[in-house]
Every structure is written in structure tokens, then in C-alpha cells.
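Numbering (our numbering), first residue to last: 16 to 155.
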Amino acid sequence: MSNETSFPKNLLSARNLKATSTRIKVLQLIQDYQSAMPYSKIQLELNQTDRITLYRTIQTLLEKGIIHKALSNNEDTYYALCGTTCSTKSHDHKHAHFKCTQCDSVSCVPLSQEVAISLPHFKVDRVNIHLTGLCESCYV
Ligand SMILES: [Zn+2]
Ligand SMILES: [Zn+2]
Ligand SMILES: [Zn+2]
Numbered sequence: 016m017s018n019e020t021s022f023p024k025n026l027l028s029a030r031n032l033k034a035t036s037t038r039i040k041v042l043q044l045i046q047d048y049q050s051a052m053p054y055s056k057i058q059l060e061l062n063q064t065d066r067i068t069l070y071r072t073i074q075t076l077l078e079k080g081i082i083h084k085a086l087s088n089n090e091d092t093y094y095a096l097c098g099t100t101c102s103t104k105s106h107d108h109k110h111a112h113f114k115c116t117q118c119d120s121v122s123c124v125p126l127s128q129e130v131a132i133s134l135p136h137f138k139v140d141r142v143n144i145h146l147t148g149l150c151e152s153c154y155v
């Protein structure tokens, strides 16, 4: 086992998932990508993999609390790795998603303060925060 692949393999085995080559490749790509990775780019990198296998791989990783959708718009869906707070039962993210209007990168950004929103007569389970603006590298 080389160092290169041990990270995805460990993640998969922690979730009782077989370390298939597609799963490993997808996780490695997302890990190496500096921000959340658009599905179109994952597809491009794995153009040897058939679309259904790739789609199912993504679904499995989502369900098992390994990756999450950072953003989804008309053009693309962005995926990012989950932290240790997620499990096979649920996702638990206390961070916001930020899309840069200049370079189009999408990042997970930790919140300095937890955001709590309460609505009368509604039960809020989860708050999704999508922010747009200029990212660190574009904001000079
Ligand atoms: Zn998650
Ligand atoms: Zn930017
Ligand atoms: Zn995120």
C-alpha cells in the first residue's frame, strides 16, 4: 500500500466500503482539488469510467458521509470531502459554502460563530449557508 492511496482506502474501510478503484480515484481527485470539485471535472478526469458507475460511486460516498454537495446550480454540482463530524447516518456540517464570483471556485469555510435560525411554527433541522463574493486569492 503506497502512501498515495492510503487516505482514500482508510476512509472507505472506516465506512465498511470496498476500496474499488473508482471510489479511490474519486476521493483522491476531490482531496487533491484545492476547493470543492465540480462534477464536470470529475467526469472529465474519469472519462474511462462509465457514467452510471461514476454516478453510483458519488451517491454511495454521499450516503456514507464521506463527501457532500457543497453547491449545486444549473451548470454543475460541487463536491467536497466531509470532516470527522459526518457519519454513515448523517451529515453534520458547521461550515458555510462560498462561491467566488471571479474564479468560480467553491470552498467550505468554517464559521467563526454558529448560525442559529428559528422560525415560528417551523422546525429547522439544518441551515445551509451559501455565500458569494471574492475568495482569498481573488481578493487583493
Ligand atoms: Zn458530510
Ligand atoms: Zn476566486
Ligand atoms: Zn462543505
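Backbone N, C-alpha and C fix where the C-beta goes; we use that ideal spot for every residue, glycine too.
- Taking a 10 Å sphere around the C-beta of Val41, we find 16 or more other C-beta atoms and assign the residue as buried.
- With a 10 Å radius around the Cβ and a threshold of 16 neighbouring Cβ atoms, Arg71 comes out exposed.
- No heavy atom of ligand 2 is found nearer than 7 Å to the CB of Leu86.
- In this structure Ser50 is buried. Its beta-carbon is surrounded by 16 or more other beta-carbon atoms within 10 angstroms.
- Between the C-alpha atoms of Ile39 and Gln128 there is a straight-line separation of about 34 Å.
- Here DSSP, grouped into helix, strand and coil, assigns Ala29 to helix.
- DSSP, reduced to helix, strand and coil, places Phe113 within a strand of the structure shown.
- Taking 8 Å as the cut-off, the beta carbon of Arg141 is found no closer than this to the beta carbon of Ile81.
- One residue list follows from the rule of a beta carbon closer than 6 Å to any heavy atom of ligand 1, given in chain order as Gly80, His83, Cys97, Cys101, His106 and His108.
- Leu59 places its beta carbon 8 Å or farther from that of Met52.
- For Ile82, the three-state secondary structure derived from DSSP is strand.
- Using a Cβ-Cβ distance cut-off of 8 Å, the region 133-153 and the region 90-105 are not in contact, since fewer than three pairs of beta carbons, one from each stretch, lie closer than that value.
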